[in-house]
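What follows is a single structure, written as structure tokens, with notes after it.
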Amino acid sequence: MTSEDLLVLDASLKEKGEVPIKVNDEEYILKTEMVNIKSYQKTVHVEEFVPSVIEPSFGIGRIMYSIFEHNFHIREGDEQRTYLSLPAVIAPYKCSVLPLSNNAELQPFVKSLSQELAKIDVSHKVDDSSGSIGRRYARTDAIAIPFGITIDFDTLKEPHTATLRERDSMKQIRAPIADLPKIVQELATGKRDWQNVLDNYPLFEQQESSKEC
0 MTSEDLLVLD ASLKEKGEVP IKVNDEEYIL KTEMVNIKSY QKTVHVEEFV PSVIEPSFGI
60 GRIMYSIFEH NFHIREGDEQ RTYLSLPAVI APYKCSVLPL SNNAELQPFV KSLSQELAKI
120 DVSHKVDDSS GSIGRRYART DAIAIPFGIT IDFDTLKEPH TATLRERDSM KQIRAPIADL
180 PKIVQELATG KRDWQNVLDN YPLFEQQESS KEC
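Here is the structure:
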């Protein structure tokens, strides 16, 4: 009972001499001689202090392990192909920039695209190694890079375009190269989702089907 309930009970007992009460769904009669309700003041001494040092125990290692475990996946039908599906918003690199080959004509586009991504604070990794495009896709998938921009020989043609690949679905679209930095930025910050990109740009399948990964 609260203090208010006790005061009401005391008043009822003084007025009627007895009061019905319920305990565990059973009703009993409480009489004046059975209970004595008094109100009084009591002084309670307390000591309050704010500690000068607070040392919480917090292990980041186990949390990181759990995040990696829940986001580690194996491609269906190929146990050698693994990927880490960290959400783009927390992935260290937001996208990779991949020239299809070491052809010198592709390098100006790679450099220009890298500069544009840096201007809008999109962290990215340029992989211009000599491995096949499929193997390079696999490497970026393994380190959780959510998007990959590929500069190919169609990029040399007017208007200049490039492909954008999404890590989890492996689907690609082809878009004007000037649009890609903004698209990746919006994807990485959650302002746009991949389905919206698929709805607005043509799907590209040739390069994906020919890669060796």
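Taking numbering that gives the first Met the number 0, I'd label the letters of the sequence shown as residues 0 to 212. Here a beta-carbon is modelled for each residue, glycine too, at the ideal position from N, C-alpha and C.
| query | Are E17 and K30 closer than 7 Å when you measure CB to CB? | reply | Indexing the sequence shown from 1 puts residue 17 at position 18. Indexing the sequence shown from 1 puts residue 30 at position 31. Result yes, Cβ atoms of E17 and K30 sit closer than 7 Å.
| Run of the beta strand (DSSP E) containing V52, from where it starts to where it stops | Within the sequence shown, residue 52 is the residue found at index 53, counting from 1. Counted as a single uninterrupted DSSP element, the stretch harbouring V52 is not any beta strand (DSSP E), since DSSP gives it neither H nor E.
| field | 8 Å contact criterion, which P201 and R173 should meet: CB distance rounded | value | In the sequence shown, residue 201 corresponds to position 202, counting from 1. In the sequence shown, residue 173 corresponds to position 174, counting from 1. Contact holds; Cβ gap of about 6 Å.
| field | Local conformation of V7 per DSSP, three classes | value | Here residue 7 refers to the residue found at position 8 of the sequence shown. Residue state, collapsed to three classes: helix.
| Between which two residues does the beta strand (DSSP E) carrying F57 extend? | Position 58 of the sequence shown holds residue 57. First-last for F57: undefined, no H or E at that position.
| Per the contact definition of three or more C-beta pairs closer than 8 Å, is the stretch 109-129 in contact with the stretch 161-181? | yes
| Among L97, S122, D151, which has the Cα closest to the Cα of V88? | Position 89 of the sequence shown holds residue 88. Residue S122 is the option with its Cα nearest to V88.
| Min CB distance S111 to chain D below 7 Å | No chain D is present in this structure, which holds just one protein chain.
| field | S84 beta carbon less than 7 Å from that of N102 | value | Sequence index remark: in the sequence shown, residue 102 carries index 103 (1-based). Sequence index remark: in the sequence shown, residue 84 carries index 85 (1-based). Going by C-beta atoms, N102 is not nearer than 7 Å to S84.
| Distance, Cα to Cα, T139 vs P50? | Indexing the sequence shown from 1 puts residue 139 at position 140. Indexing the sequence shown from 1 puts residue 50 at position 51. Computed Cα separation, rounded: 48 Å.
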